[in-house]
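Asker: Have a look at this one before I ask anything.
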Amino acid sequence: MKRCAFYLGLAVLLSVAASASAVGLIIVEDPSWLPGPVAPHPEPPVWPPRHYPPPRIHLFAPLEIRSVKVNTRITDQVAVTSVDEEFYNPNQARLEGSFIFPVPKGAHLDKFSMEIDGKQVEAELLGADKARHIYEDIVRKIKDPALLEYAERDLFKVRIFPIEPHSNKRIKLAYTQLLKADSGLVGYQLPLSMGKFSCQPIKNVSVKVELDSKRPLKSIYSPSHAVEVRREGPNHATAGFEATDAQSDSDFSLYFAPEKDEIGLNLLTYKTAGEDGYFLLLASPGVDVKKKQVILKDVVFVLDTSGSMAGKKLEQAKKALQFCVENLNEGDRFEILRFSTEVEPLFDRLVEANSQNRARSEEFVKGLKPIGATAIDDALRKALGLQPAKGFSEDSRVATARPFIIIFLTDGRPTVGITDEEQIVTNVKKQNDGHTRIFCFGIGTDVNTHLLDKITEESRAFSQYVLPEEDLEVKVSSFFSKIKEPVLTNPTLKLTGDIRVSKLYPSPLPDLFKGEQLVLIGRYSGHGDSAVLVEGAVNGATRKFTYESKFPEDNSDNDFIPRLWATRRVGYLLDEIRLHGENSELREEVTELARKYGIVTPYTAYLIVEDETRRDVPVPLRSMRSLERDQAARNEAANVWQQFKDERGGDTGVADAQSSLALKSANAPVLGTAGAGAAFVRRYGLASGPTPMPMSSAPENTQTRVARYSQQAQFVAGKTFFQNDKQWIDSAIQKSSNAKHVRLQFGSDDYFAFLVRHPQAAPWLALGQNIQVLLGVTVYEIYE
Numbered sequence: 001m002k003r004c005a006f007y008l009g010l011a012v013l014l015s016v017a018a019s020a021s022a023v024g025l026i027i028v029e030d031p032s033w034l035p036g037p038v039a040p041h042p043e044p045p046v047w048p049p050r051h052y053p054p055p056r057i058h059l060f061a062p063l064e065i066r067s068v069k070v071n072t073r074i075t076d077q078v079a080v081t082s083v084d085e086e087f088y089n090p091n092q093a094r095l096e097g098s099f100i101f102p103v104p105k106g107a108h109l110d111k112f113s114m115e116i117d118g119k120q121v122e123a124e125l126l127g128a129d130k131a132r133h134i135y136e137d138i139v140r141k142i143k144d145p146a147l148l149e150y151a152e153r154d155l156f157k158v159r160i161f162p163i164e165p166h167s168n169k170r171i172k173l174a175y176t177q178l179l180k181a182d183s184g185l186v187g188y189q190l191p192l193s194m195g196k197f198s199c200q201p202i203k204n205v206s207v208k209v210e211l212d213s214k215r216p217l218k219s220i221y222s223p224s225h226a227v228e229v230r231r232e233g234p235n236h237a238t239a240g241f242e243a244t245d246a247q248s249d250s251d252f253s254l255y256f257a258p259e260k261d262e263i264g265l266n267l268l269t270y271k272t273a274g275e276d277g278y279f280l281l282l283a284s285p286g287v288d289v290k291k292k293q294v295i296l297k298d299v300v301f302v303l304d305t306s307g308s309m310a311g312k313k314l315e316q317a318k319k320a321l322q323f324c325v326e327n328l329n330e331g332d333r334f335e336i337l338r339f340s341t342e343v344e345p346l347f348d349r350l351v352e353a354n355s356q357n358r359a360r361s362e363e364f365v366k367g368l369k370p371i372g373a374t375a376i377d378d379a380l381r382k383a384l385g386l387q388p389a390k391g392f393s394e395d396s397r398v399a400t401a402r403p404f405i406i407i408f409l410t411d412g413r414p415t416v417g418i419t420d421e422e423q424i425v426t427n428v429k430k431q432n433d434g435h436t437r438i439f440c441f442g443i444g445t446d447v448n449t450h451l452l453d454k455i456t457e458e459s460r461a462f463s464q465y466v467l468p469e470e471d472l473e474v475k476v477s478s479f480f481s482k483i484k485e486p487v488l489t490n491p492t493l494k495l496t497g498d499i500r501v502s503k504l505y506p507s508p509l510p511d512l513f514k515g516e517q518l519v520l521i522g523r524y525s526g527h528g529d530s531a532v533l534v535e536g537a538v539n540g541a542t543r544k545f546t547y548e549s550k551f552p553e554d555n556s557d558n559d560f561i562p563r564l565w566a567t568r569r570v571g572y573l574l575d576e577i578r579l580h581g582e583n584s585e586l587r588e589e590v591t592e593l594a595r596k597y598g599i600v601t602p603y604t605a606y607l608i609v610e611d612e613t614r615r616d617v618p619v620p621l622r623s624m625r626s627l628e629r630d631q632a633a634r635n636e637a638a639n640v641w642q643q644f645k646d647e648r649g650g651d652t653g654v655a656d657a658q659s660s661l662a663l664k665s666a667n668a669p670v671l672g673t674a675g676a677g678a679a680f681v682r683r684y685g686l687a688s689g690p691t692p693m694p695m696s697s698a699p700e701n702t703q704t705r706v707a708r709y710s711q712q713a714q715f716v717a718g719k720t721f722f723q724n725d726k727q728w729i730d731s732a733i734q735k736s737s738n739a740k741h742v743r744l745q746f747g748s749d750d751y752f753a754f755l756v757r758h759p760q761a762a763p764w765l766a767l768g769q770n771i772q773v774l775l776g777v778t779v780y781e782i783y784e
């Protein structure tokens with residue numbers, strides 16, 4: 001359920017690098033308005049439907065945030081942030097309150113201004129000691145610990161009066177801040193987790209970050225949100241996103257790297273002493289790639305024209321093909337194959353992408369008609385047969401010829417010729433020397449996802465699935481725009497010194513393209529200085545790019561990296577189970593990673609429940625109690641898991657393939673789990689979005705309940721907590737049966753003294769009033 005408090009989050013803060021964020025709040029000061037205690041709450045992603053509890057009776061309704069607009073301009077490392085936020089008072093009464101703004105930790109604010117309803121106001125700056133007492137007093141009064149994560153911060157405070165009934169209150173903030181650089185990356189964090197302070201979704205949230213750099217911008221990466229990045233020349237870019245009816249329960253992070261090298265390489269690490277570490281490598285050529293550095297390529301377009309493609313599908317496919325041919329680079333070569341019962345080439349060879357051949361291809365594509373069966377094996381054999389012979393460099397096995405790419409579009413399963421899935425994949429493997437990329441587009445849901453995914457797995461590519469309501473032309477055109485200009489092909493990674501890397505994702509490394517970037521994540525052992533060497537082919541010659549780096553023995557920064565690594569690994573393990581069969585080792589590792597890192601989706605929730613039942617975990621410590629007790633939903637979850645392993649096509653098979661891909665390709669953990677959940681919602685046609693429903697409404701179906709149960713987990717500051725009745729339980733406690741137990745009453749002097757001794761526990765305590773958390777060898781139980 002959602003917290004329904006009387007204070008509102010104001011989304012505005014620019015924090016340096018990976019430091020914690022702060023939030024501005026409006027505090028209603030008359031204690032007679034205070035609501036009672038609230039129950040623990042999860043902060044779910046937006047994809048599943050859910051119930052809200054019956055509304056509690058208050059003397060007033062909480063303020064609403066109507067909109068949040070953030071505009072940030074970063075010039076080199078100086079950031080100027082402007083926030084425009086609108087609140088609404090839905091009450092009959094005039095309210096009075098205070099606005100408090102916790103200062104970002106480590107921030108150096110050169111300028112700070114505030115405007116309320118068009119009038120400039122002065123805010124009082126309080127030091128960390130005074131600020132901590134204010135935070136603690138608020139927590140005691142409202143019985144809600146959410147503000148604890150801002151202890152140890154300075155804050156700005158200003159009185160707000162009046163807050164008129166049924167009226168808007170507009171607040172603007174602006175400040176200038178110097179950002180820090182870490183390993184060549186400049187980063188900032190914009191907290192957007194104000195959703196936990198509001199009873200209503202925010203109608204509109206928009207974030208726009210403009211980047212200007214004296215040096216060319218290479219990597220631009222967000223580990224938190226699916227940002228759109230528009231590059232406006234080598235030194236300028238804009239990143240941002242918009243959302244409506246937003247829950248806004250996760251902060252926004254962005255990293256960017258100004259580099260002098262042709263390919264920018266940047267490293268981030270995380271490591272606990274005595275354990276293997278985690279690393280994230282960003283590699284990007286940016287957009288300042290000289291024409292001679294863009295690699296010429298060969299492309300074969302293979303289009304299914306069987307009878308089932310009739311209508312909108314074929315028309316969209318034709319437009320997509322015409323777009324791709326028109327956007328081939330000068331010097332590229334191409335061929336078009338159409339197939340149904342038989343395969344028909346346009347040129348029967350690779351030809352130059354000149355005006356004459358483009359015109360011929362346009363006429364050929366216009367004349368395509370949907371008729372016949374689906375000869376997938378013959379089409380792939382013909383396409384692979386067009387591949388020119390490749391050479392290799394003398395000092396390595398890096399292919400030096402131009403890249404050969406096949407773009408394969410089909411809406412069906414093989415029906416003529418060789419139809420056996422494994423035989424088709426074997427034939428592809430025999431013909432491919434390991435350097436051809438076969439990108440598959442499954443159109444509709446009557447496709448064999450196992451076949452297409454195995455083909456792309458063998459060729460270091462990936463599959464995409466175009467649902468009936470989606471536009472094929474848009475998906476293919478967008479994809480081709482990204483791979484239009486190869487810069488480094490067949491890349492490999494090497495490290496010097498004492499560093500050994502393992503479990504890399506993606507693996508093997510994909511090709512690099514102009515304007516795109518590689519986000520590589522993996523584990524490492526050893527520590528110390530190391531050179532990161534990326535080697536690949538550029539227009540027939542081997543090129544090496546070196547980045548001098550340091551892999552620390554202990555580093556608690558960048559704590560998002562372990563969970564991102566686990567998200568991708570779970571995706572790859574699930575795909576291994578889906579495509580090649582289940583075994584106990586794969587299943588157990590998926591279960592352990594899902595529980596430890598909070599990678600809980602309808603596809604992994606069942607595994608957690610079954611594992612804890614098998615191990616006879618004490619009931620109070622079990623992770624998914626609600627799902628476990630709901631036998632009908634538990635049976636449905638078992639059915640979902642079985643279908644995940646068995647179904648090759650249809651709505652179910654396509655949804656399962658999309659679920660694995662969302663996890664495997666995630667650049668942020670929340671995007672992976674949300675993508676997997678969204679696939680589940682589409683699979684069953686469930687209503688999406690946070691639609692409140694009264695408890696007296698008709699009972700939910702079992703699929704909806706499975707989706708809702710999988711929300712009852714929170715990943716906070718390196719730990720996963722599961723909601724077990726009224727308590728949040730640290731998942732690590734299951735493996736610490738001999739730990740000492742200490743009880744602390746919420747809001748007591750001992751409670752706040754504990755926070756002073758263990759400031760790292762603040763984000764965990766902020767979850768609620770009833771928590772069990774493992775710290776060292778002690779379990780601390782917070783109770784009301």
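When we follow the numbering used here, the leftmost residue of the sequence shown carries the number 1, and every step to the right adds one.
Ideal Cβ positions, reconstructed from N, Cα and C, are used throughout, including at glycine.
Predicted model only: the values in this text are computed from it and were never measured.
1. List, from N- to C-terminal side, the beta strand (DSSP E) runs of 3 residues or more that fit wholly inside the segment 173 to 244.
2. Gly-786 to Ala-317, Cα distance in whole Å?
3. DSSP three-state label for Ala-123, please.
4. Does the structure place the segment 511 to 518 close enough to the segment 248 to 262 that three or more beta carbon pairs sit under 8 Å?
5. For Gly-97, does the three-state DSSP call read helix, strand or coil?
6. Suppose you measure from the CA of Val-289 to the CA of Leu-452; what does that come to, to the nearest Å?
7. What residue range does the alpha helix (DSSP H) around Pro-258 cover?
8. Mind reading off the beta-carbon distance from Leu-520 to Leu-504? Whole number of angstroms is fine, and I expect it under 8 Å.
9. Under DSSP, the alpha helix (DSSP H) around Ser-626 begins and ends at which residues?
10. Give the DSSP-derived three-state secondary structure of Pro-759 in the structure shown.
11. Could you tell me the alpha carbon to alpha carbon distance between Asp-511 and Pro-491, rounded to whole angstroms?
12. Taking DSSP as the reference, what is the three-state secondary structure of Asp-129?
13. Between which residues of its own chain and Arg-215 is the CB-CB distance below 8 Å, once the five residues before and five after are set aside?
14. Please list, in chain order, all residues of the same chain as Leu-579 whose beta carbon is under 8 Å from its beta carbon, the five residues on each side excluded.
15. Tell me the rounded alpha-carbon separation between Tyr-135 and Phe-101.
16. Going along the chain, which residues of its own chain have a beta-carbon closer than 6 Å to the beta-carbon of Gln-92, five neighbours each way excluded?
17. Can you say whether Tyr-780 is buried or exposed, counting buried as having 16 or more other CB atoms within 10 angstroms of its CB?
18. Pull up the distance between the alpha-carbon of Lys-369 and that of Pro-345, whole angstroms please.
19. How about Ile-561 and Gly-526: are their beta carbons less than 7 Å apart?
20. Taking its Cβ as the centre, do 16 or more other Cβ atoms sit within 10 Å of Pro-44, making it buried, or is it exposed?
21. Can you round the beta-carbon distance between Glu-485 and Val-294 to whole angstroms, since I take them to be within the 8 Å contact cut?
22. Put Glu-789 into one of helix, strand or coil per three-state DSSP.
23. Identify the residues that DSSP records as bridge partners of Arg-523: which are they?
24. Quick check: the Cα distance between Arg-360 and Ala-379, rounded to an integer number of angstroms?
25. Kindly indicate which three-state DSSP category Val-38 falls into: helix, strand or coil?
26. According to DSSP, is Ser-308 helix, strand or coil?
27. Tell me Val-294's beta-bridge partners as DSSP assigns them.
28. From what residue to what residue does the beta strand (DSSP E) around Leu-775 run?
29. For Phe-364, name the three-state secondary structure that DSSP assigns.
30. Opposite Thr-489 in the DSSP bridges: which residues?
31. Looking at Leu-863: is its Cβ nearer than 7 Å to the Cβ of Thr-591?
32. Give the range of the beta strand (DSSP E) segment to which Thr-822 is assigned.
33. What is the DSSP secondary structure of Leu-767, counted as helix, strand or coil?
34. Excluding the 5 residues flanking Leu-281 on each side, which residues of the same chain have their C-beta closer than 6 Å to its C-beta?
35. Pairing CB atoms from the segment 529 to 545 with CB atoms from the segment 299 to 313, are three or more of them under 8 Å?
Answerer: To lay it out plainly:
1. 185 to 190, 202 to 212, 217 to 221, 228 to 231
2. Any question about residue 786 goes unanswered here, given that the chain covers just 1 to 784.
3. Ala-123 falls in the coil class under three-state DSSP.
4. no
5. strand
6. Leu-452 has its alpha-carbon roughly 33 Å from the corresponding atom of Val-289.
7. It is not in any alpha helix (DSSP H) - Pro-258 instead sits in the beta strand (DSSP E) that spans 252 to 258.
8. Rounded, the Cβ-Cβ distance is 6 Å, consistent with contact.
9. 625 to 629
10. helix
11. 6 Å
12. helix
13. Asn-235, Pro-258, Glu-259, Lys-260
14. Sequence-distant Cβ neighbours of Leu-579 in its own chain, meaning closer than 8 Å and more than five residues away, are His-450, Asp-453, Lys-454, Glu-457.
15. CA-CA distance, Tyr-135 to Phe-101, rounds to 11 Å.
16. Pro-165
17. buried
18. 14 Å
19. no
20. Reliability fails at Pro-44, whose pLDDT of 40 lies under 50, so the model's placement of it is uncertain and the value that follows must be treated cautiously. Result: buried.
21. 5 Å
22. Residue 789 is absent from the model: the chain starts at 1 and stops at 784.
23. Tyr-278, Ser-502
24. 21 Å
25. With a pLDDT of only 39 at Val-38, under 50, the local geometry of the prediction cannot be trusted, and the value read off the model is given with reservation. Three-state result, Val-38: coil.
26. Taken through DSSP and simplified to helix, strand or coil, Ser-308 comes out as helix.
27. DSSP lists no partner for Val-294.
28. 771 to 775
29. Assigned with DSSP and collapsed to three states, Phe-364 falls in helix.
30. Ala-537
31. With the chain represented from 1 up to 784, any question about residue 863 goes unanswered, as that position is not in the structure.
32. With the chain represented from 1 up to 784, any question about residue 822 goes unanswered, as that position is not in the structure.
33. Reduced to three states, the DSSP call for Leu-767 is coil.
34. Leu-267, Leu-520
35. no
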